[in-house]
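Residue numbers (our numbering): 12 to 135.
Beta carbons are placed, not taken as given, at the ideal position from N, Cα and C, and that holds for glycine.
These notes concern the structure reproduced below.
Below, the structure is given as structure tokens:
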């Protein structure tokens, strides 16, 4: 089940907005497609993010995949637990954010709600 408390991208990433902070991560669909995740190259606090550009890389036994930002802003927090336990993204992709960003712009037009995202996944 896809949580209703966040928005989704066509690249299978999620963004949860709380005030001017956007927490971002990958969806269960992305985690399943990648397979066993073995490494997450986290951004650094203070890094700038740009809509549609990579801010992180997730590596699995199958592939390496860039993770794209849904917002323009500055990284304020990273999920350091993923350094020691990247498999947490496989275990609970929706419960483990990758980075929190204080954003200045969000591209709402490109984001989907849970229902639209589920339909998108079915059609893909």
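Is residue 36 near residue 105, with beta carbons less than 9 Å apart? yes
(request) Can you tell me which of 132, 32 and 98 puts its alpha carbon nearest to the alpha carbon of residue 70? (result) 98
| Contiguous beta strand (DSSP E) assignments of at least 3 residues, all confined to the segment 53-96 | 65-71, 75-79 and 82-89
message = For residue 128 and residue 19, what's the separation of their Cα atoms in angstroms?
response = 6 Å
Exercise for review: Say whether the segment 116-133 touches the segment 51-58, bearing in mind that this needs 3 or more beta-carbon pairs closer than 8 Å, one atom from each stretch.
Suggested key: no
*Which term fits residue 75, buried or exposed, when burial requires 16 or more other beta carbons within 10 angstroms of its beta carbon?*
exposed
For this session: Could you tell me which residues DSSP pairs with residue 117 in its beta bridges?
Result: 82
- Given that a residue counts as buried once 16 or more other Cβ atoms are within 10 Å of its Cβ, and exposed if not, what is residue 17? buried
- Message: Between 30, 135, 81 and 49, which has its C-alpha nearest residue 63's C-alpha?
- Response: 81
Would residue 33 and residue 111 qualify as a contact pair, given that the criterion is a beta-carbon distance under 9 Å? yes
- request: Spatial neighbours of residue 50 within its chain, please: CB distance less than 7 Å, with the 5 preceding and 5 following residues excluded, ordered by chain position.
  value: 70 and 97
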